[in-house]
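Enquirer:
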DNA sequence: GTTAATTCTGCGATTACCGCACATTCTTTG
DNA sequence: CAAAGAATGTGCGGTAATCGCAGAATTAAC
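Chains as they are written, first to last, in UniProt numbering: chain C, 1 to 153; chain R, 1 to 153.
#1: Between the region 12-27 of chain R and the region 80-87 of chain C, do at least 3 Cβ pairs fall closer than 8 Å?
#2: Less than 7 Å between the beta carbons of residue 141 of chain C and residue 78 of chain R, yes or no?
#3: Identify whether residue 153 of chain C lies in helix, strand or coil by the three-state DSSP scheme.
#4: Are any of the Cβ atoms in chain C nearer than 7 Å to that of residue 114 of chain R?
#5: Helix or strand or just coil, what does DSSP make of residue 127 of chain C?
#6: Compare the C-alpha of residue 46 of chain C against each of C:18, C:65, C:61 and name the closest.
#7: Alpha carbon to alpha carbon, how far is residue 25 of chain C from residue 54 of chain R? Give it in angstroms, no decimals.
#8: Residues of chain R with CB under 8 Å from residue 153 of chain C, in chain order?
#9: On the DSSP letters alone, give me the boundaries of the beta strand (DSSP E) that residue 65 of chain C sits inside.
#10: Would you tell me roughly how many angstroms separate the C-alpha atoms of residue 129 of chain C and residue 109 of chain C, rounded to the nearest one?
#11: Just checking my contact of residue 126 of chain R with residue 133 of chain R at CB under 8 Å: how many whole Å lie between their CB atoms?
#12: Just tell me which of C:145, C:153, C:97 has its CA closest to the CA of residue 96 of chain R.
#13: Residue 87 of chain R lies in the alpha helix (DSSP H); which residues open and close that run?
#14: Run through chain R and tell me which residues come within less than 8 Å of residue 104 of chain C, C-beta to C-beta.
#15: Tell me the residue span of the beta strand (DSSP E) that contains residue 107 of chain C.
#16: Quick check on DSSP: helix, strand or coil for residue 10 of chain C?
#17: Chain R partners of residue 8 of chain C, CB-CB under 9 Å?
#18: Counting only C-beta atoms, is residue 3 of chain R closer than 7 Å to chain C at any point?
#19: Count the other CB atoms within 10 Å of the CB of residue 44 of chain C; is the residue buried (16 or more) or exposed (fewer)?
#20: Distance, Cα to Cα, residue 2 of chain C vs residue 90 of chain R?
Structure below.
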């Protein structure tokens, strides 16, 4: 769905991203002052970053706090093209995160479920997908840390 | 650092969260209209959700797009209290995500690094932590899907 | 049933946002 | 290298959103 080009970001773009990683609702005026641009220019740059899907500004929550009692990571071994299997997994609604990896799993998939029967159903559906050879599920017991302000380089 | 109580969220709070999961920069006026409150009340509720750390509004990016070429998930087996080890891991700057799990790993840890030597150094530091018995690293090759609008229940 | 605390509404006063015309800088390209 | 074209930035006026606060309404506690 997204065709990536390794976009080049200048120092101003990176500082804007870092500011919004700290506070996604920062005003354009505040951003402009922080990076030394006019308000209109700052606004244009934020819009560009959003439109190009380099960055998105969203609310993030601990799923367990908003009614999803079962979360899990599923390690998956595939046959055929892992990227294609990854695309198929990405279509599953309960899946919020898919990465292709090197190691004893080909894909790591995070799923968000309401309860145990729901998780069971998701695992069943995942294992039935074409190209999925085996899977191993890690049920989440506690979310210890979750942050997004890793900055830029 | 965060003392969790399973906070009870009413329907309005959940709808506000869902709206901001779609667009973290939605105006208070728009939120108010959507949930049927005055602008001031909507603003107060958003502030409360932010202050109580139930929700945070932030910019999220694909790390590879902003200069971090090496990302990985590290599966960790521990001895002693996994939660304590998790807390220690959470203090590592390059670690952005820590979950305690049930399964063949006790903890899953996501790390964001600039390059291979950086990743190597992080893995070394992680393995030296007290309580870490063994670790297995899954280097990310591609981020297939990443989304945050899983809604509420 | 009264009190206290929380939450909501309804405003002005202030600030931010948006769109647009024009200036500036950076890239092609002949 | 000069001119054309594309980005990117500035300034500003009109509109809309935000903020702070006083008082009403609702909810919880006793």
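By construction, the Cβ of each residue, glycine as well, lies at the ideal position given by its N, Cα and C atoms.
Expert: Quick answer:
#1: no
#2: no
#3: coil
#4: yes
#5: helix
#6: C:18
#7: 16 Å
#8: 66, 67, 68, 114
#9: Neither: residue 65 of chain C is in no beta strand (DSSP E) and is coded neither H nor E.
#10: 13 Å
#11: In fact, because the Cβ distance is near 12 Å, the residues do not count as touching under 8 Å.
#12: C:145
#13: 82-90
#14: 136, 138
#15: 107-113
#16: coil
#17: Ordered by position in chain R, no residue passes the 9 Å Cβ test against residue 8 of chain C, which lies about 10 Å from the chain.
#18: Summary for residue 3 of chain R: the model assigns pLDDT 39, below 50, so the residue's position carries little reliability; its value from the coordinates is reported in the next sentence. No, no contact with chain C.
#19: exposed
#20: With a pLDDT of only 39 at residue 2 of chain C, under 50, the local geometry of the prediction cannot be trusted, and no value is derived from it.
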